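*Asks:*
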Amino acid sequence: MSSLSEPLRIAVLVKEVPDTYGERHLDLETGLVDRAASDAVLDEIGGRALEAAVSHAEANAGTEVVALTVGPESAAEALREALAIGADRAVHVTDPQLGGADLGLTAEVLAAAVERLDADLVLAGNQSTDGLGGVIPAMLAELLGRPQATNLDAIGIGAGEVCGTRASDHGTMVVRASLPAVASITDRLPDPRFPSFKSTSAAKKKPIETLAAADLGVAVEDPAAPRSILISVAARPPRAGGMKIDDEGDGGTRIAEFLAQNRLV
Amino acid sequence: MSRDPRHDLLFEPVTFGPKTTRNRFWATSHSSGYPDRPGTHASFRAMKAEGGWGVVNTGFCSIHPESDEYPWTSSRLWDEGDVINLGHLTEEIHKHGGLAGVQLWYNGMHSPRYESRESARGPSGLPSNVFPERNVYAAWASEDDIKALINMYVLAAYRAEEAGFDLVEVSGGDTTVPLQFLETRYNKRTDRYGGSFENRARFYVELMTALKKAVGDRLAVTTRFEVDTINGDHRIKHFEEGLGFMELMNKEGIVDLWSIKIGDYEEWGEDAGSSRFRKPNWAAPFVAGARDLVDVPVVSNGRFTSPDDMVTAIKAGQCDLIGAARPSIADPFIPNKIAEGRVDEIRECIGCNMCVSRMQQQALMYCTQNPTTGEEYRRGWHPEETGTSPSPSAVLVVGAGPAGMEAALTLARRGHEVHLRDSAEALGGHWRAVARYPRCSEYGRLITYREVMLEKHKNVSVQLGVPAMSAQEVLDYGAEKVILATGSHWSPVGLGPETHEPLENVHADLPNVLTPEQVSAGKPIPEGKVVVLDGDGHFTGFAMAEIAADLGRETTIVTNTHDVFEYSKFTMEMPNNKRAMYEKGITFLRNHWATGYAGNVLRLFYLYRDTAGLYETAPGQWGRRFGDDVVELECDALILTTSRVPDDSLYWELIERKGEWAEAEIDGVYRIGDCVQPRHAMDAIFEGHRVGMELESPDPQRPLPFIRERQIWGAPTIPQLGDQRPVVEGELLV
Ligand code: SF4
Numbered sequence: 001m002s003s004l005s006e007p008l009r010i011a012v013l014v015k016e017v018p019d020t021y022g023e024r025h026l027d028l029e030t031g032l033v034d035r036a037a038s039d040a041v042l043d044e045i046g047g048r049a050l051e052a053a054v055s056h057a058e059a060n061a062g063t064e065v066v067a068l069t070v071g072p073e074s075a076a077e078a079l080r081e082a083l084a085i086g087a088d089r090a091v092h093v094t095d096p097q098l099g100g101a102d103l104g105l106t107a108e109v110l111a112a113a114v115e116r117l118d119a120d121l122v123l124a125g126n127q128s129t130d131g132l133g134g135v136i137p138a139m140l141a142e143l144l145g146r147p148q149a150t151n152l153d154a155i156g157i158g159a160g161e162v163c164g165t166r167a168s169d170h171g172t173m174v175v176r177a178s179l180p181a182v183a184s185i186t187d188r189l190p191d192p193r194f195p196s197f198k199s200t201s202a203a204k205k206k207p208i209e210t211l212a213a214a215d216l217g218v219a220v221e222d223p224a225a226p227r228s229i230l231i232s233v234a235a236r237p238p239r240a241g242g243m244k245i246d247d248e249g250d251g252g253t254r255i256a257e258f259l260a261q262n263r264l265v
Numbered sequence: 001m002s003r004d005p006r007h008d009l010l011f012e013p014v015t016f017g018p019k020t021t022r023n024r025f026w027a028t029s030h031s032s033g034y035p036d037r038p039g040t041h042a043s044f045r046a047m048k049a050e051g052g053w054g055v056v057n058t059g060f061c062s063i064h065p066e067s068d069e070y071p072w073t074s075s076r077l078w079d080e081g082d083v084i085n086l087g088h089l090t091e092e093i094h095k096h097g098g099l100a101g102v103q104l105w106y107n108g109m110h111s112p113r114y115e116s117r118e119s120a121r122g123p124s125g126l127p128s129n130v131f132p133e134r135n136v137y138a139a140w141a142s143e144d145d146i147k148a149l150i151n152m153y154v155l156a157a158y159r160a161e162e163a164g165f166d167l168v169e170v171s172g173g174d175t176t177v178p179l180q181f182l183e184t185r186y187n188k189r190t191d192r193y194g195g196s197f198e199n200r201a202r203f204y205v206e207l208m209t210a211l212k213k214a215v216g217d218r219l220a221v222t223t224r225f226e227v228d229t230i231n232g233d234h235r236i237k238h239f240e241e242g243l244g245f246m247e248l249m250n251k252e253g254i255v256d257l258w259s260i261k262i263g264d265y266e267e268w269g270e271d272a273g274s275s276r277f278r279k280p281n282w283a284a285p286f287v288a289g290a291r292d293l294v295d296v297p298v299v300s301n302g303r304f305t306s307p308d309d310m311v312t313a314i315k316a317g318q319c320d321l322i323g324a325a326r327p328s329i330a331d332p333f334i335p336n337k338i339a340e341g342r343v344d345e346i347r348e349c350i351g352c353n354m355c356v357s358r359m360q361q362q363a364l365m366y367c368t369q370n371p372t373t374g375e376e377y378r379r380g381w382h383p384e385e386t387g388t389s390p391s392p393s394a395v396l397v398v399g400a401g402p403a404g405m406e407a408a409l410t411l412a413r414r415g416h417e418v419h420l421r422d423s424a425e426a427l428g429g430h431w432r433a434v435a436r437y438p439r440c441s442e443y444g445r446l447i448t449y450r451e452v453m454l455e456k457h458k459n460v461s462v463q464l465g466v467p468a469m470s471a472q473e474v475l476d477y478g479a480e481k482v483i484l485a486t487g488s489h490w491s492p493v494g495l496g497p498e499t500h501e502p503l504e505n506v507h508a509d510l511p512n513v514l515t516p517e518q519v520s521a522g523k524p525i526p527e528g529k530v531v532v533l534d535g536d537g538h539f540t541g542f543a544m545a546e547i548a549a550d551l552g553r554e555t556t557i558v559t560n561t562h563d564v565f566e567y568s569k570f571t572m573e574m575p576n577n578k579r580a581m582y583e584k585g586i587t588f589l590r591n592h593w594a595t596g597y598a599g600n601v602l603r604l605f606y607l608y609r610d611t612a613g614l615y616e617t618a619p620g621q622w623g624r625r626f627g628d629d630v631v632e633l634e635c636d637a638l639i640l641t642t643s644r645v646p647d648d649s650l651y652w653e654l655i656e657r658k659g660e661w662a663e664a665e666i667d668g669v670y671r672i673g674d675c676v677q678p679r680h681a682m683d684a685i686f687e688g689h690r691v692g693m694e695l696e697s698p699d700p701q702r703p704l705p706f707i708r709e710r711q712i713w714g715a716p717t718i719p720q721l722g723d724q725r726p727v728v729e730g731e732l733l734v
């Protein structure tokens with residue numbers, strides 16, 4: 001592990017997800033996301049975590065930002081985008097055996113990759129915009145034996161610690177964790193920057209290291225490992241048709257009634 | 001995608017007279033200014049056939065030199081030369097499966113006749129009220145003259161047939177001669193063509209009968225009838241003589257199809273109702289019941305752009321065919337897009353009437369929404385097919401207003417890699433605020449269409465809400481080509497077209513001086529008397545005045561021009577602008593301009609306070625004697641729509657650093673739209689499109705030449721000197 005006086009190495013967890021703004025489909029046989037059915041994009045909150053890391057690196061020379069993902073071959077695209085946004089290099093864990101990996105296995109793989117990277121700080125979005133599990137950062141902290149500072153609405157990285165604020169039901173908490181640590185941020189942080197043409201072409205020259213589960217010493221078939229079981233899967237019910245109000249002089253009143261009935265006001 | 005079955009109805013064939021059209025889409029006759037350019041005209045009309053319109057009509061077509069519309073450019077069926085040119089037009093329409101129609105037009109007393117210099121005939125010898133400034137009259141027509149008029153139509157119909165048209169449509173609207181006979185204000189006759197309704201209808205009946213006889217077994221003989229002239233108490237009212245006339249004609253069985261409209265020549269703006277005043281299908285109550293009175297198909301217009309509205313109008317029994325002029329200009333492919341289930345891709349007309357405005361300036365018609373209008377032949381543009389670039393490049397477009405959006409979209413369609421950036425959170429630039437002005441909501445379609453289409457192109461990245469770019473950032477961006485579309489802003493100091501000087505004591509930093517941007521952003525308009533100082537002449541000053549008046553401010557418009565919001569003369573909105581101002585108590589002062597503003601006094605001067613005569617003012621020095629009268633106007637708040645100033649600083653910074661472009665691997669920096677010079681959105685969009693189409697040219701900043709159509713010296717003329725005049729005098733030809 002690098003000493004704290006040295007520049008930081010930040011591993012940012014990123015993910016390839018189906019575009020939230022497009023149509024998304026579940027494969028009803030496997031319960032998995034049908035990746036071919038939608039455009040793949042960089043996970044939105046992960047992108048914000050990346051932006052936080054990249055802007056820290058810009059202000060603190062020598063900081064290294066590594067984009068880390070576990071995902072199919074196609075996820076390399078998301079990594080290229082992360083590199084265009086400003087990550088210095090990327091690590092892609094891809095393995096046919098990891099197809100359909102649940103959260104526990106994913107966390108295990110990620111933890112191994114973080115160890116291998118020797119990253120001081122693991123930064124992630126509080127949840128991905130597809131699975132919405134929201135537990136990976138905590139699992140990682142446990143597996144790595146590191147403190148965690150999760151769900152941060154604002155983040156500061158410096159002098160051997162990561163700090164930030166977290167909203168709770170009763171107020172705002174100020175949290176702090178000494179490095180090495182795991183931190184996750186919310187969608188209150190700014191969007192990632194749009195990569196310029198120049199950074200997009202520069203990204204093509206940045207290294208992506210590809211690893212299999214075995215390279216990380218993770219035994220996928222370990223029967224002792226806890227695994228979640230998918231009980232059922234269902235498509236979202238189709239949307240009901242909207243209601244049309246023809247204004248016959250009472251349009252305003254009827255809109256107000258509709259809003260009141262549906263508890264929208 | 002496939003067609004929504006609810007829209008199947010629109011694709012049923014309809015038979016009228018000897019012809020059957022493939023669907024219910026009728027591209028209504030409308031002027032264009034193109035007819036003297038046969039290639040431009042043919043390709044423009046044929047594009048509608050290619051886009052799926054079943055029937056494509058030309059514009060108004062003068063049947064005889066007596067009804068010469070010059071300086072307006074109409075089609076003409078005067079001689080063999082016209083047959084050749086229009087023959088090319090019908091051939092192009094037929095190539096795409098459309099039926100070609102021509103509108104036979106004789107406007108007599110309202111025809112300026114500035115080219116032919118002939119005398120026109122009409123029911124009475126009256127001066128034109130449409131062009132009171134032009135001193136044009138018609139001559140009382142004798143019964144022999146009436147026969148000659150009918151013969152002119154017959155000869156024109158024969159020529160139309162020779163040119164390949166499928167239908168002849170008699171204009172009985174826009175105050176043409178059949179309507180002049182019908183309307184009491186023009187018909188003062190006491191013979192069998194005047195007086196009673198039947199007598200006044202006689203000319204129209206005899207005319208249609210003659211045309212049916214002449215060509216009716218081969219061509220459809222139809223009419224475009226003004227079922228309500230809207231104007232004045234003498235008007236043809238739809239519920240009286242309007243529908244009564246249709247019934248009468250129906251009994252005679254001499255009309256194969258009715259295309260009905262409202263609003264006469266003076267109030268053409270009621271037929272071509274602008275979206276600021278008329279919602280789609282505003283004429284519905286005036287044409288209601290018409291279809292039930294006749295046994296033949298009826299066409300009704302209403303700036304229809306939505307297939308649902310079209311289906312509703314047909315199902316409600318309003319009409320059998322959907323007529324459209326402006327919607328077919330803004331999107332010649334409406335029928336095909338509906339047929340293919342691509343309704344979201346319809347480029348909806350925004351009802352701005354810029355098309356009409358160019359025609360009204362005796363110029364060439366263009367369209368705000370469709371930059372390819374009129375460019376099909378002369379630049380080889382197509383509204384749906386841009387072709388692909390032979391050398392795609394990485395293009396940065398700065399500014400997502402009308403010009404920037406159109407440039408980015410065109411570049412993306414042509415396969416370039418495009419980044420479109422704007423510091424605003426949404427697309428549209430200044431046009432977003434415009435679309436929120438009172439009455440202007442339909443203008444927002446300009447943005448919506450481009451938003452939808454940009455979404456569909458994966459090679460364009462729309463980057464909104466980003467910090468405004470510095471020259472350094474542009475240089476560092478890695479773009480091969482840079483297009484600046486950074487727009488303009490309203491002058492905060494009252495720079496205007498009269499003096500070109502800032503006004504004394506005027507700055508929009510003051511609480512009682514406001515620009516449109518500030519009004520849109522919510523800066524309060526102080527109570528009391530508000531003056532809108534307008535040097536723009538279009539709709540922005542009107543919008544500001546209306547906002548102020550609606551807040552209860554006593555509002556006056558001061559303008560240097562001869563009329564208030566003078567451009568609205570061309571968009572045909574002047575009458576309704578004035579009616580709305582009258583209703584809201586908005587007053588105006590013309591031919592005045594301001595010099596300064598202090599306390600609550602706005603100092604103005606009358607533009608013509610100097611003497612008319614030229615005098616020797618001092619020995620050897622000649623000139624006017626200058627007046628120094630000042631008009632003082634009480635003014636608690638001043639809104640400035642004086643002129644716009646380009647936001648071009650980024651451009652000039654980049655020009656200054658031209659030496660660094662090569663190192664930054666930038667091939668070129670170009671600017672488009674208002675940041676070059678403020679202009680109508682129509683021209684900004686055109687320039688965005690042009691730069692997108694011509695990015696590979698040696699200097700995309702400057703347009704490539706287009707095909708110019710004019711008579712090249714040496715070709716034989718038609719007619720030639722010494723030719724005889726076609727004979728129309730004498731007995732009826734049929
Ligand atoms: S110029 Fe305006 S009104 Fe005319 S067709 Fe185009 S969008 Fe419609």
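Going down the list, the protein sequences come from chains D and S.
For the record, in the first sequence the residue sitting at position 234 is 234 according to the working numbering, with numbers rising by one throughout.
For the record, in the second sequence the residue sitting at position 68 is 68 according to the working numbering, with numbers rising by one throughout.
The beta carbon of each residue, even a glycine, is placed where N, CA and C say it ideally should be.
Just so you know, these numbers come straight off a predicted model, no measurement behind them.
Can you list the residues of chain D that S:A662 reaches, using a CB-CB cut of under 7 angstroms?
*Replies:* Under the 7 angstroms cutoff, chain D gives no residues; its nearest Cβ is about 15 angstroms from S:A662.
*Asks:* By the three-class DSSP mapping on this structure, what secondary structure does S:E554 have?
*Replies:* Three-state result, S:E554: strand.
*Asks:* Counting only runs of 3+ residues fully inside the segment 529 to 600 of chain S, write out the beta strand (DSSP E) ranges in chain order.
*Replies:* The segment 529 to 600 of chain S contains these whole beta strand (DSSP E) runs: 529 to 534, 554 to 559, 587 to 589, 592 to 598.
*Asks:* Considering only their Cβ atoms, is the gap separating D:A78 from D:E16 smaller than 9 angstroms?
*Replies:* Cβ atoms of D:E16 and D:A78: closer than 9 angstroms.
*Asks:* Based on Cα-Cα distance, which residue from D:P147, D:D153, D:G171, D:T172 lies nearest to D:G160?
*Replies:* Taking only the C-alpha atoms, the option nearest D:G160 is D:P147.
*Asks:* So, helix, strand or coil for S:M354, using DSSP?
*Replies:* Reduced to three states, the DSSP call for S:M354 is helix.
*Asks:* Is it the case that the Cβ atoms of S:L10 and S:I338 are separated by a distance below 9 angstroms?
*Replies:* In this structure, S:I338 lies closer than 9 angstroms to S:L10 by Cβ.
*Asks:* Using a threshold of 8 angstroms, is the CB atom of S:Q369 nearer than that to any non-hydrogen atom of the ligand SF4?
*Replies:* Yes, Cβ of S:Q369 sits closer than 8 angstroms to a heavy atom of the ligand SF4.
*Asks:* Does any residue of chain A bring its CB to less than 9 angstroms from the CB of S:D476?
*Replies:* Although the question refers to chain A, the structure presented lacks it and instead comprises the protein chains D and S.
*Asks:* Would the beta-carbon of S:Y567 be found less than 8 angstroms away from any heavy atom of the ligand SF4?
*Replies:* No, the beta carbon of S:Y567 sits no closer than 8 angstroms to any heavy atom of the ligand SF4.
*Asks:* To the nearest angstrom, how far is it from the Cα of S:V164 to the Cα of S:G444?
*Replies:* In the sequence under discussion, the amino acid at residue 164 of chain S is Gly, which differs from the Val named in the question. Distance between the alpha carbons of S:G164 and S:G444 is about 40 angstroms.
*Asks:* Report the residue from D:V66, D:E209, D:A40 whose alpha carbon sits nearest the alpha carbon of D:D120.
*Replies:* That would be D:V66, whose Cα lies nearest to the Cα of D:D120.
*Asks:* What are the boundary residues of the beta strand (DSSP E) that S:F706 is part of?
*Replies:* Looking at the DSSP string, S:F706 is not in any beta strand (DSSP E), and its letter there is neither H nor E.
*Asks:* What are the residues that DSSP puts in a beta bridge with S:F277?
*Replies:* DSSP output for S:F277 lists no bridge partner at all.
*Asks:* Going by alpha carbons, who is nearest to S:K458 out of S:V418, S:W431, S:W661, S:A220?
*Replies:* It is S:V418 whose Cα lies nearest to the Cα of S:K458.
*Asks:* Establish whether the CB of D:S266 and some CB of chain S are separated by less than 9 angstroms.
*Replies:* Beyond the ends of chain D as shown, which are 1 and 265, falls residue 266 of chain D; an answer cannot be given.
*Asks:* By the 7 angstroms beta-carbon criterion, what residues does the segment 464 to 496 of chain S contribute toward chain D?
*Replies:* Flagged, chain order: V466, D476, Y477, G478, A479.
*Asks:* Cβ of S:D550 within 9 angstroms of Cβ of S:P438?
*Replies:* Closer than 9 angstroms, so yes.
*Asks:* Counting along the chain, where does the alpha helix (DSSP H) carrying S:G444 start and finish?
*Replies:* Note, S:G444: premise wrong, no alpha helix (DSSP H); not H, not E.
*Asks:* Using DSSP bridges, identify the partner residues of S:G737.
*Replies:* One cannot answer for residue 737 of chain S here, as it falls past the ends of chain S, which runs 1 to 734.
*Asks:* In whole angstroms, what is the alpha-carbon distance linking D:T165 and D:R193?
*Replies:* Rounded to whole angstroms, D:T165 to D:R193 spans 22 angstroms at the Cα level.
*Asks:* What residue ranges within the segment 591 to 676 of chain S form continuous alpha helix (DSSP H) runs of no fewer than 4 residues, ordered along the chain?
*Replies:* Listed in chain order, the complete alpha helix (DSSP H) runs (minimum 4 residues) inside the segment 591 to 676 of chain S are 649 to 656.
*Asks:* Could you run through the segment 443 to 462 of chain S and flag, in chain order, every residue whose CB is less than 7 angstroms away from some CB of chain D?
*Replies:* From the segment 443 to 462 of chain S, only S461 have a Cβ closer than 7 angstroms to chain D.
*Asks:* Does DSSP put D:I185 in a helix, in a strand, or in coil?
*Replies:* DSSP places D:I185 in strand when its eight states are reduced to three.
*Asks:* Let me know the secondary structure DSSP gives S:D228 once reduced to three states.
*Replies:* S:D228 falls in the strand class under three-state DSSP.
*Asks:* Return yes when the Cβ of S:V170 is within less than 9 angstroms of the Cβ of S:E247, no when it is not.
*Replies:* The answer is no: Cβ separation not under 9 angstroms.
*Asks:* Please list, in chain order, all residues of the same chain as S:A408 whose beta carbon is under 7 angstroms from its beta carbon, the five residues on each side excluded.
*Replies:* For S:A408, where only same-chain residues beyond five positions count, the Cβ hits under 7 angstroms are V397, V418, L420, L454, V460.
*Asks:* For S:R303, count neighbouring Cβ atoms within 10 angstroms of its own Cβ and tell me buried if that reaches 16, exposed if not.
*Replies:* So S:R303 counts as buried.
*Asks:* Between D:A11 and S:T373, what straight-line distance do the alpha-carbon atoms span, to the nearest angstrom?
*Replies:* Distance between the alpha carbons of D:A11 and S:T373: 54 angstroms.
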